[in-house]
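**Q** Quick one: this structure, given as structure tokens, is what I'll be asking you about.
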Amino acid sequence: MDNEEVFALPDHLVDHDYFLPVVYEDDHILREEEVEELVEEEEVEELDEEEEEEEEPIVRVSETYRLIPGVHNRSRIYVDNLGFKYYKRETKGQRVYLVCERQKQRNQYCPSTATVSANLNDNRIRLGFYHDHPPRVIDLNVPFLRETIGERGIDPAVTTSFMRTLYNNEIINHPEAAPNYTFIQAQERVKKMRRRRFPAQPLDIGQLAVALNEARNAIYALTVQNPPSRFFQQALVVNGRSVGVIFANMDAVNKYREELATVTLVGIDGTFKTVPRVPADLKCLLTIQVVFKSVSFPMVYALLGSMTEEVYAALFDIVRNILPLNYQRICFITDYEKALMSAVQQSFPESQLRCCWFHFTQSIVRYCHRRMNSVCNLIRTNPVAARVLRMVLALPHLPATRNDPRCPFSMEDGFDAIMDYTRQFPPIEQGMRNFLIGYVQYFWLLQVGPGLISCFGEEYRTNNYLESFHSTLLTQMQRHPNIWNFIQKLTVLENQYFVEFDQARRNLRIRDQASRRERENTTTVLAGYVQQLNRDEDLTGFLRRAGHRNDGYVQGIIGPYPQDQ
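Every number in my numbering is 215 more than the matching position in the sequence shown, counting from 1.
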């Protein structure tokens, strides 16, 4: 038969080739070897097809989903078992309707939709339209780390403001997500979240006072106790102009009224480093603190836009109405700001005013450290000049006036003893004359006066507890924070002191005793020096001994004292 002979096929099989006969050109009979080769090739092809089928993914359909935190605070994103992400479009009845994440991207739009049950225990997902793209590879652990850092970053109860600390703590708790979420990402996110959640920043103190009285901003005007009480008290108005805002916890004042009646020491001091930049007319945070059972407690806080005697006096008139103290027994400690001292004397005439020994020391050392003065170099190189400086710094440990029953000498007697000692060394007298006569005597003894400088016989010679509070403020708030963040952190600190005051009145120890022991030790040592002075009447020896009580601070500024030859 011819190889090209045509077979007649039924019509319904014309388009198919499996009915055609197999025609071999060379031979109608296959050799045995060829048959075996064909069988082996078919087996290999079948194995290859099976392997290809095994490599294909078993799951191709979206069946279940899980919820992960979204970018926005407290938002949620749906992720199915294939890794596709969905946003919620709407909820109708018991069904939640979802759309593919790419429907927010015009250039990569995906028509896929899905629905899930409103019951969170049912995690099945049903697709409407299928995706036209593969799922994006994402780290499902990162959203949980991102959300945790964000929530802690805006939580007012989290007192640390250092993002690095928050980040380091949370990457320990989320080790799987840490490799894919950087500190810079966390820092930028928290900054944006903080800015979005705060009210608009007021432009001046007047607007700040108005904002604090608005109901929508009540969280910033109240304490954090439960139930809360009013923390923002009032605006400070002088001559029709708002020059400050005053904060105090009146519930705490009323609760501790009996204890406040026993207070004898009150410190007043201001700080500038933590004052918010906006409103721009804010200049200072002034704090009034009481000392109760050897612990200081801030009671009144005032953000001020001016620091004149008139403003201070207006503030203290309000403070007098807030704090129920026995003012005839009170001793106020301040720095040497003239307007502040005058306002205290004007508003509290029955009280005593004493200025801080540390601020006296600081002022003396800073004067010597100025470039225009040659005193600093002389002190650094000459042991006699260094000794004279220490004697000057010891003057406040003498009584302000003569004939005190505890010591017959005064600060003026001490200054005369310093001048007598200096005259024994003419080059030193010449080099330090302007410092001793023009500055120490003329300014401190004649203008300020021994009555404000002397801390003779006092246990509390400084207001360093206020400086410690300012240091805490700086740690918690950092420099010049947002005004609303500042107030929020201030309420957290106020709550700390509210709780600790109650602990102190129940005789619980709430502070490290090291500073107290050091203060008491200094008081004991100085009392011993006074007894020795009363015995031998050697003022020079007393001043030389007492002058070493603040060597650490002085040498930290000026440098090591020269050694005696």
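Where is the CB? At the ideal position from N, CA and C, for every residue including glycine. Computed from a predicted structure; not experimentally measured.
Note down, in chain order, each residue of its chain lying with its Cβ closer than 7 Å to the Cβ of Gly520, except the 5 sequence neighbours on either side.
**A** Ile420, Val458, Gly459, Asp496, Leu497, Lys498
**Q** Evaluate Asn469 with the Cβ neighbour count: other Cβ atoms within 10 Å of its Cβ, from every protein chain shown; 16 or more gives buried, anything less gives exposed.
**A** Answer is exposed; the Cβ neighbour count stays below 16.
**Q** Can you tell me which of Leu593, Leu538, Ile483, Glu673 puts its alpha carbon nearest to the alpha carbon of Ala558?
**A** Of the listed residues, the one whose Cα sits closest to Ala558 is Ile483.
**Q** Are the CB atoms of Phe701 and Pro491 within a distance shorter than 8 Å?
**A** The criterion of a C-beta distance shorter than 8 Å is satisfied by Pro491 and Phe701.
**Q** Helix, strand or coil for Thr738? Go by DSSP, reduced to three states.
**A** helix
**Q** Under 8 Å between the Cβ atoms of Ile633 and Val663?
**A** no
**Q** With Tyr312 as the anchor, note down where its beta strand (DSSP E) starts and where it stops.
**A** 310-315
**Q** Using only alpha-carbon positions, find the residue among Leu540, Gln440, Ile434 that is nearest to Val481.
**A** Leu540
**Q** State the start and end residues of the unbroken alpha helix (DSSP H) segment that holds Met789.
**A** One cannot answer for residue 789 here, as it falls past the ends of the chain, which runs 216 to 780.
**Q** Decide if Lys319 is buried, meaning its Cβ has at least 16 other Cβ atoms within 10 Å, or exposed.
**A** exposed
**Q** Using 10 angstroms around the beta-carbon of Val590, count the other beta-carbons present and answer buried if the total reaches 16, otherwise exposed.
**A** buried
**Q** Where does Glu305 fall in DSSP's three states?
**A** strand
**Q** Does the distance from the CB of Gln504 to the CB of Phe377 come in under 8 Å?
**A** Taking 8 Å as the cut-off, the Cβ atoms of Gln504 and Phe377 do not count as close.
**Q** Figure out for me which residue from Pro513, Met626, Arg621 has the closest Cα to the Cα of Leu660.
**A** The shortest C-alpha to C-alpha distance from Leu660 to any of Pro513, Met626, Arg621 is the one to Met626.
**Q** Rounded to whole angstroms, what's the CA-CA distance from Arg412 to Lys406? Just pull it up for me.
**A** 10 Å
**Q** Which residue marks the beginning of the beta strand (DSSP E) containing Gln449, and which one marks its end?
**A** 447-453
**Q** What did DSSP end up calling Asp295 once you bin it into helix, strand or coil?
**A** strand
**Q** Taking the straight line between their C-alpha atoms, what separation do you get for Asp295 and Asp347?
**A** 15 Å
**Q** Are the C-beta of Lys300 and some C-beta of chain B separated by less than 8 Å?
**A** You won't find chain B in this structure, because it holds only one protein chain.
**Q** Give me the residue from Lys307, Pro349, Asp354, Pro417 with the minimum Cα distance to Val331.
**A** Looking from the CA of Val331, the closest CA among Lys307, Pro349, Asp354, Pro417 belongs to Lys307.
**Q** For the beta strand (DSSP E) that Gly459 lies in, which residues bound it at each end?
**A** 456-463
**Q** Does the pairing of the stretch 739-748 with the stretch 560-580 give three or more beta-carbon distances under 8 Å?
**A** no
**Q** For Leu758, which of Arg410, Ala463, Val515, Asp631 has the nearest alpha-carbon?
**A** Asp631
**Q** By a C-beta neighbour count over all protein chains shown, 10 Å radius and 16 as the cutoff for buried, is Asp550 buried or exposed?
**A** buried
**Q** In the DSSP output, what is Gly485 paired with across the bridge?
**A** Leu501
**Q** Pro513 by DSSP, collapsed to three states: which one?
**A** Looking at Pro513 - three-state DSSP - the assignment turns out to be strand.
**Q** Could you tell me how far apart the beta carbons of Ser566 and Tyr542 are, in whole angstroms, since I believe they sit closer than 8 Å?
**A** 5 Å
**Q** When the Cα of Gly666 is compared with those of Tyr744, Phe398, Tyr527, Cys570, which residue comes out closest?
**A** Cys570
**Q** If you count every other CB in all the chains shown that lies within 10 Å of the CB of Pro775, and 16 or more means buried, which is it?
**A** With fewer than 16 other Cβ atoms within 10 Å, it is exposed.
**Q** With a CB to CB cut of under 6 Å and the five nearest residues on each side skipped, what residues in its chain are close to Gly285?
**A** Arg291, Ile292
**Q** Nearest to Phe507 by CA position, among Ala333, Tyr680, Val314, Pro349, is which residue?
**A** Tyr680
**Q** Sort out for me which residues DSSP pairs Leu423 with in a bridge.
**A** Leu423 pairs with nothing; no bridge assigned.
**Q** Indicate whether Val515 and Ile548 have their beta-carbon atoms separated by less than 8 Å.
**A** no
**Q** Quick one: residues in its chain with C-beta nearer than 6 Å to the C-beta of Gly646, no 5 flanking neighbours on either side, listed in chain order?
**A** Leu593
**Q** Which residue marks the beginning of the beta strand (DSSP E) containing Phe547, and which one marks its end?
**A** Where Phe547 is concerned, the enclosing beta strand (DSSP E) stretches over 546-549.
**Q** Checking 8 Å against the spacing of the C-beta atoms, do Pro598 and Pro777 come in under that value?
**A** yes
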